[in-house]
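Start counting the sequence shown at 120; every next residue gets the next number (my numbering).
Using N, Cα and C, we set each Cβ at its ideal position, and we do this for glycine too.
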Amino acid sequence: MDIGLGSRERSETAKHAGESSAGPIRIDPNASAALEEAIKSAKLGLKPLPSPEVGTSERVATGDRTLSTKFLSQAAVGLLLIGAGWSASYLGTLANRDVIRQLETETVRSQEILARLSADLGALRETVVAFREVEHTSSTASVSEQTELTDKVERLTISLQEPGKKLTALEGRLERMETQILTTLAGLNTNLAGLNAKPAASAAPTAPPAPVEAAAREEAPAPKPIKSEPVDGWVLREVYNGAALVENRNRRLYEVMPGGMLPGVGRIEGIERRGARWVVVTDKGFIGTYR
Numbered sequence: 120m121d122i123g124l125g126s127r128e129r130s131e132t133a134k135h136a137g138e139s140s141a142g143p144i145r146i147d148p149n150a151s152a153a154l155e156e157a158i159k160s161a162k163l164g165l166k167p168l169p170s171p172e173v174g175t176s177e178r179v180a181t182g183d184r185t186l187s188t189k190f191l192s193q194a195a196v197g198l199l200l201i202g203a204g205w206s207a208s209y210l211g212t213l214a215n216r217d218v219i220r221q222l223e224t225e226t227v228r229s230q231e232i233l234a235r236l237s238a239d240l241g242a243l244r245e246t247v248v249a250f251r252e253v254e255h256t257s258s259t260a261s262v263s264e265q266t267e268l269t270d271k272v273e274r275l276t277i278s279l280q281e282p283g284k285k286l287t288a289l290e291g292r293l294e295r296m297e298t299q300i301l302t303t304l305a306g307l308n309t310n311l312a313g314l315n316a317k318p319a320a321s322a323a324p325t326a327p328p329a330p331v332e333a334a335a336r337e338e339a340p341a342p343k344p345i346k347s348e349p350v351d352g353w354v355l356r357e358v359y360n361g362a363a364l365v366e367n368r369n370r371r372l373y374e375v376m377p378g379g380m381l382p383g384v385g386r387i388e389g390i391e392r393r394g395a396r397w398v399v400v401t402d403k404g405f406i407g408t409y410r
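See the structure below:
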């Protein structure tokens, strides 16, 4: 009975101590096992011994003293074991509390670090978005500026080509007009030569020609007819000191004089002035200041 009352008192005391603590108290398994062993040994010590059929009162008294001493020793051992178990469980609970507090502190610190990282990540995302917007705007502006510059260059190229085309057309027109004029002049010269030859032919019968003059005329070579068409691909650049500077279609210059030879054209018959222009007369035609 004393052991039961002592156990109950210690249980109630431990219970009140556990309720007053901040967290739940966990009993160490080793202390619980030791407590169970103590209770078992105490129960074994309380079992009644078989009474002998024949005994004296002294033996009974001696047995009672022995039993009471054994009972007290077992009760003391049980109390020591119970106290040791509860002390161990209480110390373990204090250690667990320190660990829990440390874990809570580390958790709060980790949450703060995580919050700062989240804020930094959000700022980084905003910076990346702003950079992409700026890059897109700059690329769009550069593409539009490049397109506008290309259009200006194309328009400038077309405007530069138009005067060249007009000049080429004008040169062709002038060449055709020159050819027509020269052809007309050549026809007029032929007509004038025919008109001048008719009076000479009518006056010839009055004076018979001498046979020597007739033979000389027969031996003299007939002059080659001069073509009145321009030589294609050649142009007259300059006339100076009885010579002329002509240029072919390959931009190569040649200096020619009457009686000389021009590659690809032939003999130079003369350099003469026709109206306001100079021309180089050749076997194949004339070379003027326009192609």
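On the DSSP bridge list, what partners appear for residue i?
{"i": "residue 397", "result": "392"}
{"i": "residue 373", "result": "365"}
{"i": "residue 386", "result": "380"}
{"i": "residue 355", "result": "365"}
Measure the alpha-carbon distance for residue i versus residue j and round it to whole angstroms.
{"i": "residue 134", "j": "residue 196", "result": "Only weak support is given to the placement of residue 134: the predicted model assigns it a pLDDT of 46, under 50, and the value that follows is read from those uncertain coordinates. C-alpha separation (whole angstroms): 22 Å."}
{"i": "residue 243", "j": "residue 251", "result": "12 Å"}
{"i": "residue 396", "j": "residue 262", "result": "55 Å"}
{"i": "residue 277", "j": "residue 353", "result": "29 Å"}
{"i": "residue 236", "j": "residue 273", "result": "55 Å"}
{"i": "residue 282", "j": "residue 298", "result": "24 Å"}
{"i": "residue 370", "j": "residue 378", "result": "23 Å"}
{"i": "residue 303", "j": "residue 393", "result": "13 Å"}
{"i": "residue 386", "j": "residue 310", "result": "26 Å"}
{"i": "residue 227", "j": "residue 199", "result": "42 Å"}
{"i": "residue 287", "j": "residue 265", "result": "33 Å"}
{"i": "residue 314", "j": "residue 301", "result": "20 Å"}
{"i": "residue 223", "j": "residue 240", "result": "25 Å"}
{"i": "residue 232", "j": "residue 194", "result": "57 Å"}
{"i": "residue 256", "j": "residue 249", "result": "11 Å"}
{"i": "residue 402", "j": "residue 271", "result": "51 Å"}
{"i": "residue 217", "j": "residue 230", "result": "20 Å"}
{"i": "residue 295", "j": "residue 259", "result": "54 Å"}
{"i": "residue 219", "j": "residue 253", "result": "51 Å"}
{"i": "residue 382", "j": "residue 312", "result": "32 Å"}
{"i": "residue 290", "j": "residue 391", "result": "22 Å"}
{"i": "residue 368", "j": "residue 305", "result": "26 Å"}
{"i": "residue 225", "j": "residue 238", "result": "20 Å"}
{"i": "residue 279", "j": "residue 245", "result": "51 Å"}
Verify whether the separation of the beta carbon atoms of residue i and residue j is less than 7 Å.
{"i": "residue 372", "j": "residue 406", "result": "no"}
{"i": "residue 268", "j": "residue 409", "result": "no"}
{"i": "residue 404", "j": "residue 366", "result": "no"}
{"i": "residue 362", "j": "residue 380", "result": "no"}
{"i": "residue 384", "j": "residue 350", "result": "yes"}
{"i": "residue 388", "j": "residue 398", "result": "no"}
DSSP three-state label for residue i, please.
{"i": "residue 348", "result": "coil"}
{"i": "residue 404", "result": "strand"}
{"i": "residue 409", "result": "coil"}
{"i": "residue 360", "result": "coil"}
{"i": "residue 169", "result": "Unreliable placement is indicated for residue 169, whose pLDDT of 47 sits below 50; the coordinate value is still reported in the next sentence. Three-state DSSP puts residue 169 in coil, outside helix and strand."}
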